[in-house]
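In the working numbering, the protein residues as written are 2 to 239.
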């Protein structure tokens, strides 16, 4: 495979960092877009900045861009009845509007250049049917992205592929903190984490490197487009 260039959003830690690192190990040139970056600094929660972020990425990609991984996102906790409009807007601005606007820029570039491209959306099992304990705002925002996968794949194939990975509970500091808070006061964090692991068919958390492996699988399997891949250790089975 020739050297490929990937743009990955939200790379400072967790899943995004694992994806960026794994791509580099596989000889990809990786351009990171995040709030504080030595590559492209941008807060995609301010979705109107997405075109400028893509333009800056193009400036430092001399051979063009082949892959866009939309990983940047925010989690949410608490009851929906406690949410304010600002909470809804903040969640959707980053998880939906920022992601879609950056995808739009990538699609415009690939279509105009008649160049093959690939978008991988990092969704969530929270948007899949039958998932337990999914936060309403987070599930709704990820569900919006899931629902875009098929139409995008149909509209821009055969030149461009669009796929989605729906992770389960991933062993990152952010996810563990959310789980601990969600169990309420008086519950030991280790107990809360163990309870989450035990509700999956495999009895464990997903590792961030396993999400990175799935990105590489989608890159290599060129027959796949319009797919939503459940990587949840069997927390969600349907």
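The C-beta atom is built at its ideal place from N, Cα and C for all residues, glycine as well.
Computed from a predicted model, the values in this text were never measured in an experiment.
Where do the N-terminal and C-terminal ends of the alpha helix (DSSP H) with residue i fall, by residue?
i: residue 76; result: Taken as a continuous stretch (DSSP letters only), residue 76 belongs to no alpha helix (DSSP H), as it is neither H nor E.
i: residue 26; result: 15-26
Does DSSP put residue i in a helix, a strand or coil?
i: residue 165; result: strand
i: residue 7; result: strand
i: residue 231; result: strand
i: residue 242; result: Here the chain has residues from 2 to 239 only, and residue 242 is not among them.
i: residue 42; result: strand
i: residue 61; result: coil
i: residue 212; result: helix
Which residue or residues does DSSP assign as beta-bridge partners of residue i?
i: residue 207; result: 171
i: residue 33; result: 9
i: residue 238; result: None, per the DSSP bridge assignment.
Tell me which residues share the same chain as residue i and place their Cβ nearer than 8 angstroms to its Cβ, disregarding the 5 neighbours each side in the sequence.
i: residue 32; result: 6, 7, 8, 9, 40, 41, 58, 61, 62 and 66
i: residue 201; result: 169, 170, 233, 234, 235 and 236
i: residue 88; result: 77 and 138
Go to residue i, then tell me how far its beta strand (DSSP E) extends in each direction, as first and last residue.
i: residue 85; result: From DSSP, residue 85 is part of no beta strand (DSSP E); its letter is neither H nor E.
i: residue 137; result: Looking at the DSSP string, residue 137 is not in any beta strand (DSSP E); the run it does join, the alpha helix (DSSP H), is 137-157.
i: residue 95; result: Run containing residue 95: none; DSSP gives neither H nor E here.
i: residue 68; result: 68-71
What whole-angstrom Cβ distance do residue i and residue j have, given they're in contact under 8 angstroms?
i: residue 197; j: residue 212; result: About 17 angstroms separates the two Cβ atoms, so there is no contact after all.
i: residue 74; j: residue 229; result: That pair is no contact at about 16 angstroms.
i: residue 146; j: residue 122; result: 5 angstroms
i: residue 19; j: residue 174; result: With a Cβ gap of about 13 angstroms, residue 19 and residue 174 do not count as contacting.
i: residue 95; j: residue 46; result: 4 angstroms
i: residue 126; j: residue 167; result: 5 angstroms
i: residue 27; j: residue 192; result: Their Cβ separation, rounded to whole angstroms, is 38 angstroms, which puts residue 27 and residue 192 out of contact at 8 angstroms.
Might you give, ordered along the chain, the residues of its own chain that have their beta carbon closer than 7 angstroms to the beta carbon of residue i, omitting 5 neighbours on each side?
i: residue 226; result: 154, 158, 162, 163 and 164
i: residue 84; result: 138
i: residue 104; result: 69, 71 and 120
i: residue 128; result: 140, 143, 144, 147 and 167
i: residue 21; result: 9, 12, 31 and 33
i: residue 219; result: 121, 164 and 225
i: residue 93; result: 142
Can you give me the Cβ contacts of residue i inside the same chain, cut-off strictly under 6 angstroms, excluding the 5 residues immediately before and after it?
i: residue 43; result: 34, 50 and 54
i: residue 102; result: 48 and 51
i: residue 111; result: 118 and 161
i: residue 81; result: 137
i: residue 206; result: 170, 172 and 198
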